[in-house]
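Asks: Positions 51 to 91 (this note's numbering) are the ones given, in order, by the sequence shown. Cβ coordinates follow ideal geometry from the N, Cα and C atoms, glycine included.
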Amino acid sequence: MWLEKLGLDDAVGAVSIHGFGDATGTILLAFLAPPEFRPGL
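1. So G71 is in the alpha helix (DSSP H); what residue range does that whole segment cover?
2. Using three-state DSSP, classify P89 as helix, strand or coil.
3. Quick one: Cα of P84 to Cα of L78, how far?
4. When the Cα atoms are used, what is the spatial distance from I67 to D59?
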């Protein structure tokens, strides 16, 4: 839906698949990283 609004042509659905995986990985990294890599949390 938003791809059409932005005018992006994604014939194989790569933006939605990779975008979801990237966002999930970024969020989970904060929870799964060892404590020495997240000293402020």
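Replies: If we stick to the structure as given:
1. A64 to L82
2. coil
3. 12 Å
4. 14 Å
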